[in-house]
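A short write-up of the structure that comes next.
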Amino acid sequence: METNHTAFKRIVTGHDTDGKAIIVSNEVPSRTYMVGGPNGAKFHEIWNTKETPALIDNETDPEENALTLGPPKQGTRIRVIDFPPESEEIRNLTKEQAFEHFKTMKGEHASKADENAPHPLMHKTETIDYGIVLEGELTLIVDRGETTARAGDIIIQRGTNHAWSNKSGKMCRVVFILIDGKFDEKLH
C-alpha cells in the first residue's frame, strides 16, 4: 500500500509594520491528525476563519488545540485529507465505532451510521463543503447513490448525508473548504 504523499507547503501572507504585504510563513503544515489509527485518513489542518465577513488582520495563525470536523460557527475551514485505500476494518465498523471516529474530531453529532446506512461513516454537517481532488480518486456515497471523483474533479457537498470511500487501491488527496451554513427549514 502506498503511504507517502508528496509534502506540500502552506504559504501565508500578512502585512509588516508599514502595511506592506509580506510572506509570514512558507512551510509544511505542522498540524496533522491521523483519524482511524495508523492506516486511517491523515488530516492536514491549514487555516480557519471565525466569522463572516472574515476579519483580515495581522494576528498569528488561528491555531486550535484539537481536530474539529466542521468550521467555526459563521466561519470557514480549509484542510487537506489523505485518504488511504479503504480497508475491511473501515467497511465493517459498527455504529458505535463510527460514532467514536467522529467523536475524535468533535463531530459525534454528525454521525448518521445505522444498520441500513450505505456506509458506516455516513455523516451530515450543516455546511457547504467544496472538495477538490488533487490526486487519486474517491467515491462519494450518499443515501441514494454514489459517484467517483478523480483528480481535477470538484465536489460541492451541500449538507447531505454522505461518506467518503477510497476504493482505488491507491492514496487519494483532497482539499476541502468548509463553510458554516444553515439548513433551509424544509431540509432540517
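The numbering of the sequence shown is this note's numbering, which starts it at 1 and goes up by one. Every residue gets a Cβ at the ideal spot worked out from N, C-alpha and C, and that includes glycine. None of these values were measured; they are calculated from a predicted model.
Legend entry - Environment of V80 [buried if 16+ CB atoms lie within 10 Å]: In the sequence shown, residue 80 corresponds to position 80, counting from 1. Result: buried.
Inset, instruction - Evaluate contact between the stretch 150-160 and the stretch 110-117, counting only Cβ atoms and requiring at least three cross-stretch pairs below 8 Å. - result: no
Inset, instruction - State buried or exposed for G37, treating a residue as buried only when at least 16 other CB atoms are found within 10 Å of its CB. - result: Numbered from 1 along the sequence shown, position 37 holds the residue referred to as residue 37. Exposed, by the Cβ-count rule.
Legend entry - N48 - partner residues in DSSP beta bridges: Taking the first residue of the sequence shown as position 1, residue 48 is located at position 48. Paired residue(s): R77.
Inset, instruction - Output yes if chain C places a C-beta closer than 7 Å to the C-beta of F99; else output no. - result: No chain C appears in this structure, which consists of one protein chain only.
Inset, instruction - Specify whether the stretch 4-13 and the stretch 24-43 touch according to this definition: at least 3 beta carbon pairs, one from each stretch, less than 8 Å apart. - result: yes
Legend entry - Spatial distance of K182 from Q157 (CA atoms): Indexing the sequence shown from 1 puts residue 182 at position 182. Indexing the sequence shown from 1 puts residue 157 at position 157. K182 and Q157: Cα-Cα distance of roughly 13 Å.
Legend entry - Contact check, L67 vs M122, beta carbons under 7 Å: On the sequence shown, residue 67 is found 67 positions in, with the first residue counted as 1. On the sequence shown, residue 122 is found 122 positions in, with the first residue counted as 1. No, they are not a contact pair.
Inset, instruction - Determine the closest residue to A7 out of P71, T52, T148, P29, with distance taken between C-alpha atoms. - result: Within the sequence shown, residue 7 is the residue found at index 7, counting from 1. Closest option to A7, Cα to Cα, is P29.
Inset, instruction - Count the other C-beta atoms from every protein chain shown that fall within 10 angstroms of the C-beta of M1, then say buried if there are 16 or more, exposed otherwise. - result: Stepping through the sequence shown from its first residue, residue 1 is reached at position 1. Because M1 sits at a pLDDT of 39, beneath the cut-off of 50, its placement in the model cannot be relied upon, and the point is left open.
Inset, instruction - Give the straight-line distance between the Cα atoms of C172 and I56, rounded to the nearest whole angstrom. - result: Along the sequence shown, read from residue 1 onward, the residue named residue 172 stands at position 172. Along the sequence shown, read from residue 1 onward, the residue named residue 56 stands at position 56. One C-alpha to the other measures close to 32 Å.
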